[in-house]
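Trainee: Residue numbers for the sequence shown follow the working numbering, so the first one is 662 and each next one is one higher.
Note that CB positions come from ideal geometry on N, CA and C, so glycine has one too.
Predicted model only: the values in this text are computed from it and were never measured.
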Amino acid sequence: YLSQLQTASGGDLGLVATSGCLAAQIPSMIMQGQDEKARDLIDRFKQVFGADNFFLELQHHQIDELKQVNNWLIETGQRDAVKYVATNDVHYVMESDYEPHDMLLCIQTSAQVDEEKRLRMSDNSYYLSSRQQMWDLFGHIDNGSPLTNTVRIAEGCDLNLDKKTYHLPVFPVPEGFDAVTYLRHLAFKGLRWRFGERASDTSLVERLEYELKVISDMGFATYFLIVWDLCQFARSADIWWNVRGSGAGSLVAYSLGITNIDPIRNNLLFERFLNPGRVSMPDIDLDYPDDQRGRMIEYAVHKYGEDRVAAIITFGTLGAKNAIRDVARALNIDDGLVNEVSRLIPTEPKPKKIHEYIDEIGELKRVIDSSPQMQRVAQIAEELQGISRHASTHAAGVIIADQPLVEYLPLHRQTSDDEGIALKQVTQFDMETCESIGLLKVDFLGLSTLTIMRRACELIAQHHGIEYAMDNIPYRPTGDPDQDAMLEAAFRLLQRGETVGVFQVESSGMQQMLREMQPTLFEHIVAAISLYRPGPMDYIPEYNARMHGETTVTYHHPKLEPILGETYGIMVYQEQLMQIGQALFGYSLSDADLMRRAISKKKKEDLLEHRDIFI
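(1) Would you identify the three-state DSSP class for residue 785, choosing helix, strand or coil?
(2) Alpha carbon to alpha carbon, how far is residue 1058 from residue 972? Give it in angstroms, no decimals.
(3) Out of 755, 748, 1121 and 780, state which residue places its alpha-carbon closest to the alpha-carbon of residue 763.
(4) Distance, Cα to Cα, residue 1019 vs residue 786?
(5) With a threshold of 8 Å, are at least 3 pairs of Cβ atoms found where one atom belongs to the stretch 1087-1098 and the other to the stretch 1005-1024?
(6) Enumerate in chain order the residues of its own chain whose CB-to-CB distance from residue 669 is below 8 Å, with the five nearest sequence positions on each side excluded.
(7) Going by DSSP, name the residue or residues bridged to residue 1101.
(8) Can you tell me whether residue 875 is buried or exposed, with buried defined as 16 or more other CB within 10 angstroms of its CB?
(9) By how many angstroms is the C-alpha of residue 1210 removed from the C-alpha of residue 975?
(10) Return the first residue and the last residue of the alpha helix (DSSP H) that residue 1019 is part of.
(11) Please classify residue 1131 as buried or exposed, where buried requires at least 16 other C-beta atoms within 10 Å of its C-beta.
(12) Grab the span of the beta strand (DSSP E) containing residue 904 for me, first residue to last.
(13) For residue 1025, which residues from the same chain have a beta carbon less than 8 Å from its beta carbon, with the 5 sequence-adjacent residues on both sides left out?
(14) May I ask which residues mark the beginning and end of the alpha helix (DSSP H) holding residue 866?
(15) Tell me which same chain residues have a C-beta within less than 6 Å of the C-beta of residue 1269, skipping the five on either side of it?
(16) Assign residue 884 to one of two classes, buried (16 or more other C-beta atoms within 10 Å of its C-beta) or exposed (fewer than that).
(17) With a CB to CB cut of under 6 Å and the five nearest residues on each side skipped, what residues in its chain are close to residue 887?
(18) Can you tell me where the beta strand (DSSP E) with residue 1085 in it begins and where it stops?
(19) Are the CB atoms of residue 746 and residue 807 within a distance shorter than 7 Å?
(20) Here's a check: name, in chain order, each residue in its chain whose Cβ is nearer than 8 Å to the Cβ of residue 1257, leaving out the five neighbours to either side.
(21) Would you mind sorting residue 1216 into buried or exposed? The rule is 16 or more other CB atoms within 10 Å of its CB.
(22) Can you look up residue 819 in the DSSP assignment and give me helix, strand or coil?
(23) Check the C-beta distance from residue 680 over to residue 718 and give it rounded, since I have them as a contact under 8 Å.
(24) Identify, in the order they occur along the chain, each residue of the same chain with its Cβ nearer than 7 Å to the Cβ of residue 653, setting aside the five sequence neighbours on each side.
(25) Near residue 1274, which residues of its chain fall below 6 Å by C-beta distance, leaving aside the five closest residues on each side in sequence?
(26) Tell me whether the stretch 1061-1068 and the stretch 1041-1052 touch, counting them as touching only if at least three CB pairs, one residue from each stretch, are closer than 8 Å.
(27) Is residue 1116 helix, strand or coil by DSSP?
(28) What's the gap between the Cα of residue 1021 and the Cα of residue 988?
Shown next as C-alpha cells:
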C-alpha cells in the first residue's frame, strides 16, 4: 500500500505519519527483536511521506514493553536524524473517568468487573494529560522536541470540512440543456400532462415559474433531476413509490411526477418545503415497497458509481434504563433489584439524567438509597448515559456524491448483507455531519405498507377486474356512482376503526379517535393524523364537536376564516400558521416559514426576533 500511496501522490502526499502505538508495525518489530526490519520500514516511511512529515511516536504508560520501544526509538532518532512526537493514548478525558471506561469495556465485551481474564487497560493513565504532565514526561528528550513538534504538526494541518458548496452528483442532461433548462423543460411538459388545458392558466404558470426560479437560485435543479430520475426508473420498473413530507407542496415535484398530490387543490405551500430565506438541502422522502428498496438502491449505485454511494452510519447510545441494566450486569447485582429500579424510570422523548429521576420519583429514591450497590450502579450509569454503545446503518438514508466519497469523509466496508451487494461502504460520519459538509442524502425507505397495498390491488384486479395503482386510487368523490359507493364503504371502515394494517391509523388510539370523529372526507383523515400527536391531541374533542355542529365555530379575526375554515376554526397545520403570519402580520411566506420554525423549535431568542412584528 505504501507503493500505491507514493505512486498516486507523486511523492507529495501532504500527510503526516507517525510510527504508531505498541500495536503498530514498527513497535511490533522492535519487541520481536527485528531491528533491521524496523529501520528499513522507518526509511520507507520517510521516503513515502517525506523526512519532515514522518515522526517517531513516544508514549508513556505503565507497560514494560513501552519503555523498551521508547528507548529504541530515541536512540534511532538521534542516530538517523528522525523527528520525534509525544502522544497521549487517550481512551477517556479525565483521570476520574477510569472506572466508567473500565465498566464500558465490560459492557462491550459482556464481561464482569471481577473476572481476571478480561479486557482492561494496563493502568489509569489513558486520559487526556495536561500540558505540564506531558512536559514532565517528555521535556527532557531532545530539548523538548517531541512536544514542540506537536505544535508544528498542528500548525501544518490546513483542512476545513465546513461546507463551501453542495457535492451533488453530476446528472447527465441531453445536448443543448443544462440542469436548470432541462428541469424547466420537464416541469412545463409535466404541467401540461397534469392539468391539460388548464396548464396555461396564469396562476399555475406563475406558481411554476416562481418555484423554478427559487430552485435555480438556490442551486438545486440537479437535486430535482436526480429525484425525478429515481421516480422514472421506479415507474419503468413497475415499482410503487410514495412521497411523504413537505415535498408535496411543490408544483414542480407534482409536474415532474415525483408526487401525486395536487398542491394547488390541497392548499399546500412551496415555502414550507423550500424556503429562499433559509438555504438548506431540500428533502424529498421516497417510500418504496420493502421488497423493492434494494432494487432502487442498486439502480442508484449503478448510475452514480459504487464508490460514490454509501449507507449512513447511526450510533445507538446508552439510555438510563439500559445503562443501569448493563452496569448492574457487569457488577453481578441481583436482577430483581435491577428490574425494580429500571421499572421506576419512565420512558420519555427527552430523557433526563438518572439523578434527576431519583430526585423526582420518591419510590426510586427509596430503592436506590436502600442499597449501596445500587447507589454505585446509579452513579456509574449516569456517567455512561449518552455514550455510543453500538453502530448500525440508517434505515433509509443513502449518501450520493459527485466524487468518490473517500475524498470527503471516512468510510468503512459494509459488514452486513442487508442491502445485498449494492451498498459496499458506510459513512463514518452521521447523517447531520454528512449534510453539514454538503453531501446529498437521499431517503430510500422500505415500507411493508406499500408491499401490502400492491398485493391488495393485485388481488382486486384478479377478483374484480378493477386496476388500481398509486396514482388512481380515489380519495375524493369522482362522480362515478360505483367509485363513489366504494369510497363511502371505505369511509365506513374508518368510522368503525377497522384499520389494522392501514398506515398511520392502525394503533388502538387512532382507531378510537376515528370512531369518535366519524370522518366522511379526505380532509378529515388528514386532520386526524395531524391532530393525533402530543400537544394537538388536546384539541381533538373540540375539533369533533365543531365538525358535527355540536359547538359553534368562531374566529378571532375575519381574516382567519378562509385559512381555518377547513379545520373548523382550529389551527391544525403548520401551513395555516404560515398563512396567518402572512394575512395578519404582513409576513412573506418565506419569513412566515422562519416564524414557524422558531415556534416549533421553542427557542426563546428566535421567538423574540418576531416580537416587534407581532406587537
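Mentor: Quick look at the numbers:
(1) The answer is coil: DSSP assigns residue 785 none of H, G, I, E or B.
(2) Roughly 7 Å between the two C-alpha positions.
(3) The shortest C-alpha separation from residue 763 is found at 780.
(4) Straight-line Cα distance between these residues: approximately 32 Å.
(5) No contact exists between the stretch 1087-1098 and the stretch 1005-1024.
(6) Because residue 669 carries a pLDDT of 48, less than 50, the predicted location of this residue cannot be relied on, and no value is offered for it.
(7) In the DSSP output, where bridge partners are listed per residue, residue 1101 has 1061.
(8) Buried: at least 16 other Cβ atoms inside 10 Å.
(9) Each residue's Cα considered, the two are about 49 Å apart.
(10) 1015-1021 is the span of the alpha helix (DSSP H), which, as asked, contains residue 1019.
(11) So residue 1131 counts as exposed.
(12) First-last of the beta strand (DSSP E) with residue 904: 903-905.
(13) Closer than 8 Å at Cβ, skipping near neighbours: 1002, 1005, 1006, 1018 and 1019.
(14) It spans 863-878 - the alpha helix (DSSP H) in which residue 866 sits, taken as one unbroken run.
(15) If we look at residue 1269 and ignore the five residues flanking it on each side, it has no Cβ neighbours.
(16) Residue 884 comes out buried.
(17) Closer than 6 Å at Cβ, skipping near neighbours: 832.
(18) Looking at the DSSP string, residue 1085 is not in any beta strand (DSSP E), and its letter there is neither H nor E.
(19) Between residue 807 and residue 746, the C-beta gap is smaller than 7 Å, which places the two residues in contact.
(20) Closer than 8 Å at Cβ, skipping near neighbours: 933, 1235, 1238, 1239 and 1242.
(21) Exposed: under 16 other Cβ atoms inside 10 Å.
(22) In the structure shown, residue 819 sits in coil (DSSP, three-state: anything other than H, G, I, E or B).
(23) Contact between residue 680 and residue 718 holds, with the beta-carbon distance rounding to 5 Å and staying under 8 Å.
(24) This structure cannot speak to residue 653, because the chain is shown only from 662 to 1276.
(25) Excluding sequence neighbours, residue 1274 sits near 1246.
(26) Output reads no: the stretch 1041-1052 does not touch the stretch 1061-1068.
(27) Of the three classes helix, strand and coil, the one that applies to residue 1116 here is helix, per DSSP.
(28) CA-to-CA, the gap between residue 1021 and residue 988 works out to about 22 Å.
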